[in-house]
Structure formats: structure tokens, C-alpha cells
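I have placed the structure first, in the form of C-alpha cells, so that the comments after it can refer back to it.
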Amino acid sequence: MISTTKGGNQKMEMYVAYLRMHAKEEREKRRAQHLSQLMDSTKMSQAETEEYEHQRKKNVLEKLQSLEAKLVTLKLQEKVVKFDIIHDDHIREGADKDTIMRRIRMINMKQQIANFNVM
């Protein structure tokens, strides 16, 4: 039986507050355990991570190649300019922007050396 006196109400309120606090601690503990389990289940080993990254890169490259193939078919031949033809030749040769720039620097360097030797 619950006491209705003033002291009884205070004890009851303290007991209810204790139960609420205890229940809150239990909920927080269960939540932390659940989050811990989720974190453990989502952790990948180094090999799994590398395999995932490899597969992701492979997928991106495949998408890029398919988009490039679509782009080639969409080019209008009457809109092709001289620079497009030069660029296509360089791509067929396997040269990219960096190798072309290296060639240009080497040519400039050779010209500078030749000009210096002429002096």
C-alpha cells in the first residue's frame, strides 16, 4: 500500500526518479552496445577494403570507357577541327598531355643549347 503522507510522496517521487534514471542508463547502455555491434559488423579487413577499392576503380573505369565510346559516336564529322585531329593522333600514339609537354620542353631545351653553342 502506498502512503499518502508528505514524506511518503517524497519517497515515492525519489523512487520514481531513481527508476527513470536507471531505465535511462539501461537504454544508453543498450544503445552503446548496439552501436558497437554495428561498428564491428561494418568493419572490413585490409584485404576486403583493398578488394572493394579495386572493384570500385574497375567499375569507374568501365563507366568512363563506355561514356568515351558513346562520345565518339556522337561527334559530328563536319564539326571536327584541326586540333581534334591532332588530339586523336596523339591518343592513338599513346601520348597524353604530360608526355607532349615533356617533348615540347625537351625541344625548347635543345634549341636553347644549340643557340648557346652558336654564340
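With this note's numbering, letter number 112 in the sequence shown gets 112, and the count goes up by one each step, no holes.
C-beta atoms are modelled at their ideal positions from N, C-alpha and C, and glycine is treated no differently.
Which whole-angstrom value describes the C-beta separation of residue 90 and residue 104, a residue pair presumed to lie in contact below a C-beta threshold of 8 Å?
Position 90 of the sequence shown, counted from the first residue, corresponds to residue 90. Position 104 of the sequence shown, counted from the first residue, corresponds to residue 104. Contact doesn't hold; Cβ gap of about 12 Å is too wide.
Terminal residues of the continuous alpha helix (DSSP H) containing residue 45?
If you number the sequence shown from 1, residue 45 lands on position 45. Careful: residue 45 lies outside any alpha helix (DSSP H) and carries neither H nor E.
Can you give, in chain order, each stretch of the alpha helix (DSSP H) that sits fully within the segment 47–104 and has at least 4 residues?
82–93
What did DSSP end up calling residue 1 once you bin it into helix, strand or coil?
As a working mapping, residue 1 is identified with position 1 in the sequence shown. Low confidence applies here, because residue 1 scores a pLDDT of 44, under 50, leaving its location unreliable and the question unanswered by this model.
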